[in-house]
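**Student:** First the structure, which I've put down as structure tokens, then a few questions once you've had a look.
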Amino acid sequence: MKLSTKISLVTVVTLLLATGIFGAIVIYRTAVYSLEQTIENYEQQVRATSYALGQEMSDNELLTYSEATRKSFINYLLKKYGSNKYIMIKEGQIVCNLTDFELVEKDSGRWTSDDVTHVIQNLEGARILIMGRNIKVEPSGDYQLLMVSDISSMYEDIAKQALLFIGIYLAVALTAAMAVSVMVRRTLRPLKRLQRAAAGISRGELDRRVRVESRDELGMVGTAFNQMAEQVENQVRELEDVSERRKQLLGSLTHELKTPMTSIIGYSDTLLHVKISEDQQKKALVHINSECKRLERLSGKLMNLIGMYDNETVAMEYYPVQKLFKRVEVLEGYHLKEKGMYLVMSCSMGELLMDVDLMESLMVNLIDNAMKACKEGDTIDVIAVGNQIVVRDCGKGIPADEIPKITEAFYMVDKSRSKKAGGIGLGLALCKQIAYLHNARLQIESTEGVGTSIHVIFDDNSRGYEEQDQYK
1 MKLSTKISLV TVVTLLLATG IFGAIVIYRT AVYSLEQTIE NYEQQVRATS
51 YALGQEMSDN ELLTYSEATR KSFINYLLKK YGSNKYIMIK EGQIVCNLTD
101 FELVEKDSGR WTSDDVTHVI QNLEGARILI MGRNIKVEPS GDYQLLMVSD
151 ISSMYEDIAK QALLFIGIYL AVALTAAMAV SVMVRRTLRP LKRLQRAAAG
201 ISRGELDRRV RVESRDELGM VGTAFNQMAE QVENQVRELE DVSERRKQLL
251 GSLTHELKTP MTSIIGYSDT LLHVKISEDQ QKKALVHINS ECKRLERLSG
301 KLMNLIGMYD NETVAMEYYP VQKLFKRVEV LEGYHLKEKG MYLVMSCSMG
351 ELLMDVDLME SLMVNLIDNA MKACKEGDTI DVIAVGNQIV VRDCGKGIPA
401 DEIPKITEAF YMVDKSRSKK AGGIGLGLAL CKQIAYLHNA RLQIESTEGV
451 GTSIHVIFDD NSRGYEEQDQ YK
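Each residue of the sequence shown is one higher than the one before, starting from 1 at the first, in UniProt numbering.
Quick look at the structure:
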């Protein structure tokens, strides 16, 4: 059974019981009051009539009258002061009876009290009120005056009122039931919206919310539900972000492992297959060792970069840009020689606040992208001037409508060409993140068939400018 139906039933039943009991009490009290008023009115009549009869009968010497004369006189007095509702009794014998009823119990002991007494009898479905009082007549003795009245009409009126009440009661009950049902449904409408919203959230519609229209308990429940839904959505989004960052981590690690692993493989192949001097062997081993340590540092930096480990921090320090260039030149030397390309670096910048490993990764990624766009014999320029570092190539170029998209993770302008060159679309996305950590931004300028220039523009976090000669 629905909650609205339960509440409606409980409310209607309670209302019907309350109004029914109240109505029954009112009708009962009305009936009692009507009966009391009727009896009181008749008592006043009996008192007045008995008093008048007592005076008249005392003033006349009834003992001197014959029996027939005495009865005629009393009959006259009853008609004069009373009506056709009276009976006169003396010593258990009917002296005069003006009513249509026959008195069965003629024992006058019931009516010997000086106060008015009464009894109600049921006679063939009719309600008969019998009321009597003792009349003292000196010296002839006591008489009993009885009044007999049919009060069935009063009971019929009470029955009609009861039937009218029942009819009104049923009509009001039906109307109340309908009104309560409508009001309960309207009141519980927010719960229906809550149910639909909860069902939507269970289907994955995490942005579902309920409209709060009141400040009562249901409104408070709706507000609490919205807060809970907001928290659930945020937590799910956070889990999705963590999952996405894990994917990016795997992609970034794979991408970043390529360059040092290529260098390590190249030097190890040289050690295995080429006879070189001991000094050259030592240099190769030192380079392999350096690249392995760099891989270890880089993996930690990448994990921190994408927010996987909050307890890791980026180690920022002021570091000479020219020294950074020389490190990058050493790292890329093998690849450039293998592809038959040239790297021209020019630095007029002093020190820059940076994480050396991450900045080295940024430079290597930009140069690798330039190498993928160039052909054998081309030159790649790397320039540090003012507050920016520029990597410029004379390669294929990028279409203007593709430039805003190339910093998105896994996005590649020419997928077939990029995959052939070993790219997976994470280089510039990683560069963008590294630049953000260094309060810098990427500005990309490219013309198809002419080449591309990528500017890493820093905020004022550099110090000292030194003019350096161009070196190759």
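Glycine residues also receive a C-beta, built at the ideal position from the N, C-alpha and C atoms. Treat the numbers as computed from the prediction; the structure is a model and nothing was measured.
Alpha carbons only, please: which of G125, A126, L146 and L123 is nearest the one belonging to N134?
**Tutor:** Your numbering for residue 134 matches position 134 in the sequence shown. Nearest of G125, A126, L146 and L123 to N134, Cα basis: L146.
**Student:** DSSP beta-bridge partners for P320?
**Tutor:** Here residue 320 is taken as the residue at index 320 of the sequence shown, counted from 1. Looking at the DSSP assignment, P320 forms a beta bridge with E351.
**Student:** If I'm right that F225 touches A197 with Cβ under 8 angstroms, what's the distance once you round it to whole angstroms?
**Tutor:** Numbered from its first residue, the sequence shown carries residue 225 at position 225. Numbered from its first residue, the sequence shown carries residue 197 at position 197. Yes, F225 and A197 are in contact; Cβ-Cβ is about 7 angstroms, under 8 angstroms.
**Student:** Could you tell me the distance, in whole angstroms, from the CA atom of L343 to the CA atom of T452?
**Tutor:** One-based indexing of the sequence shown puts residue 343 at position 343. One-based indexing of the sequence shown puts residue 452 at position 452. In a straight line, the C-alpha of L343 is about 15 angstroms away from that of T452.
**Student:** Of the choices S153, V137, D100 and N234, whose alpha-carbon is the least far from that of A126?
**Tutor:** As a first step, residue 126 must be located in the sequence shown, where it is residue number 126. Among S153, V137, D100 and N234, the Cα nearest to that of A126 is on S153.
**Student:** Answer with buried or exposed for Y86, where buried requires no fewer than 16 other C-beta atoms within 10 angstroms of its C-beta.
**Tutor:** Counting from one through the sequence shown, the residue named residue 86 turns up at place 86. Looking at its Cβ environment, which holds 16 or more other Cβ atoms inside 10 Å, Y86 is buried.
**Student:** Quick check on S4: buried or exposed, where buried means 16 or more other Cβ atoms within 10 Å of its Cβ?
**Tutor:** Here the question's residue 4 lines up with position 4 in the sequence shown. Answer is buried; the Cβ neighbour count reaches 16.
**Student:** Please classify V279: is it buried, with 16 or more other beta-carbons within 10 angstroms of its beta-carbon, or exposed?
**Tutor:** As a first step, residue 279 must be located in the sequence shown, where it is residue number 279. The sequence as given places Asp at residue 279; Val does not occur at that position. Exposed, because fewer than 16 other Cβ atoms sit within 10 Å of the Cβ of D279.
**Student:** May I ask you to verify whether the region 87 to 99 touches the region 154 to 169, counting CB pairs closer than 8 angstroms and requiring at least 3?
**Tutor:** These segments do not touch.
**Student:** Please name the residue or residues paired with M88 in a DSSP beta bridge.
**Tutor:** Residue 88 sits at position 88 when you count from the first residue of the sequence shown. DSSP output for M88 lists C96 and L145 as bridge partner(s).
**Student:** Specify whether the region 73 to 86 and the region 159 to 168 touch according to this definition: at least 3 beta carbon pairs, one from each stretch, less than 8 angstroms apart.
**Tutor:** Output reads no: the region 159 to 168 does not touch the region 73 to 86.
**Student:** By how many angstroms is the C-alpha of R209 removed from the C-alpha of L430?
**Tutor:** One-based indexing of the sequence shown puts residue 430 at position 430. One-based indexing of the sequence shown puts residue 209 at position 209. Using only the alpha carbons, I get a separation of about 36 angstroms.
**Student:** Give me, in chain order, the residues of the same chain whose beta-carbon lies closer than 7 angstroms to that of W111; leave out the 5 immediate sequence neighbours on both sides.
**Tutor:** Position 111 of the sequence shown, counted from the first residue, corresponds to residue 111. Counting only Cβ-Cβ distances below 7 angstroms, and skipping sequence neighbours, we find T117, G132, R133, N134, Q144 and L146.
**Student:** In terms of DSSP beta bridges, what is E445 paired with?
**Tutor:** In the sequence shown, counting from the first residue as 1, residue 445 sits at position 445. In DSSP, E445 forms a bridge with S453.
**Student:** Do you know offhand how far Y42's Cα is from K6's?
**Tutor:** On the sequence shown, position 42 is the one that residue 42 refers to. On the sequence shown, position 6 is the one that residue 6 refers to. Roughly 54 angstroms between the two C-alpha positions.
**Student:** Counting only runs of 3+ residues fully inside the region 140 to 216, write out the beta strand (DSSP E) ranges in chain order.
**Tutor:** Listed in chain order, the complete beta strand (DSSP E) runs (minimum 3 residues) inside the region 140 to 216 are 141 to 150.
**Student:** E338: which of G350, E360, H438 and K372 sits nearest, CA to CA?
**Tutor:** Numbered from 1 along the sequence shown, position 338 holds the residue referred to as residue 338. Of the candidates G350, E360, H438 and K372, the one whose C-alpha sits nearest the C-alpha of E338 is K372.
**Student:** Please report the straight-line C-alpha distance between E244 and Q231, rounded to a whole angstrom.
**Tutor:** Numbered from its first residue, the sequence shown carries residue 244 at position 244. Numbered from its first residue, the sequence shown carries residue 231 at position 231. Cα to Cα, the separation comes out at about 20 angstroms.
**Student:** Measure the CB-CB distance between D355 and V314 and report whether it falls below 8 angstroms.
**Tutor:** Taking the sequence shown and counting its residues from 1, one reaches residue 355 at position 355. Taking the sequence shown and counting its residues from 1, one reaches residue 314 at position 314. Yes, Cβ-Cβ distance for D355 and V314 is below 8 angstroms.
**Student:** Excluding five sequence neighbours on each side, which residues of the same chain lie with their C-beta closer than 7 angstroms to the C-beta of G23?
**Tutor:** For the purposes of this step, residue 23 is taken as the residue at position 23 of the sequence shown. Correct list, in chain order: F165 and Y169.
**Student:** Secondary structure at Y342, three-state DSSP: helix, strand or coil?
**Tutor:** Taking the sequence shown and counting its residues from 1, one reaches residue 342 at position 342. Strand, per DSSP.
**Student:** Can you check which of these residues, T19, E376 and A171, is closest to D393 by C-alpha distance?
**Tutor:** Working through the sequence shown from its first residue, we reach residue 393 at position 393. The shortest Cα separation from D393 among T19, E376 and A171 belongs to E376.
**Student:** Using DSSP with H/G/I as helix, E/B as strand and the rest coil, what is I288?
**Tutor:** Residue numbering aside, residue 288 sits at position 288 when the sequence shown is read from its first letter. I288 falls in the helix class under three-state DSSP.
**Student:** Is the CB-CB distance between V364 and V328 below 8 angstroms?
**Tutor:** Residue 364 sits at position 364 when you count from the first residue of the sequence shown. Residue 328 sits at position 328 when you count from the first residue of the sequence shown. For V364 and V328, yes; Cβs fall inside 8 angstroms.
**Student:** F73 and V148 - do their beta-carbons sit closer together than 8 angstroms?
**Tutor:** On the sequence shown, residue 148 is found 148 positions in, with the first residue counted as 1. On the sequence shown, residue 73 is found 73 positions in, with the first residue counted as 1. Contact flag unset, no.
**Student:** Whose C-beta lies closer than 8 angstroms to the C-beta of D207 among residues of the same chain, with five residues either side of it excluded?
**Tutor:** For this step, residue 207 is matched to residue 207 along the sequence shown. These residues qualify, in order along the chain: E233.
**Student:** Counting only the same chain and skipping the five closest in sequence on each side, list residues whose C-beta sits under 7 angstroms from that of A176.
**Tutor:** Numbered from 1 along the sequence shown, position 176 holds the residue referred to as residue 176. So the qualifying residues of the chain are V12 and L15.
**Student:** Where does I454 land, buried or exposed, given buried means 16+ other C-beta within 10 angstroms?
**Tutor:** Residue 454 sits at position 454 when you count from the first residue of the sequence shown. So I454 ends up on the buried side.
**Student:** When burial is assigned at 16 or more other CB atoms within 10 Å of the CB, is C292 buried or exposed?
**Tutor:** Taking the sequence shown and counting its residues from 1, the one referred to as residue 292 is at position 292. When all chains shown are included, C292 counts as exposed.
**Student:** Can L353 and M316 be called in contact, C-beta distance under 8 angstroms?
**Tutor:** Position 353 of the sequence shown, counted from the first residue, corresponds to residue 353. Position 316 of the sequence shown, counted from the first residue, corresponds to residue 316. Yes, Cβ-Cβ distance for L353 and M316 is below 8 angstroms.
**Student:** When you compare only the Cα positions, how much space is there between residue 536 and Q235?
**Tutor:** As shown, the chain starts at 1 and ends at 472. That puts residue 536 outside it, with no answer to give.
**Student:** Does the beta-carbon distance from G20 to K90 come in below 8 angstroms?
**Tutor:** Start at 1 with the first residue of the sequence shown, and residue 20 comes out as number 20. Start at 1 with the first residue of the sequence shown, and residue 90 comes out as number 90. Cβ atoms of G20 and K90: not closer than 8 angstroms.
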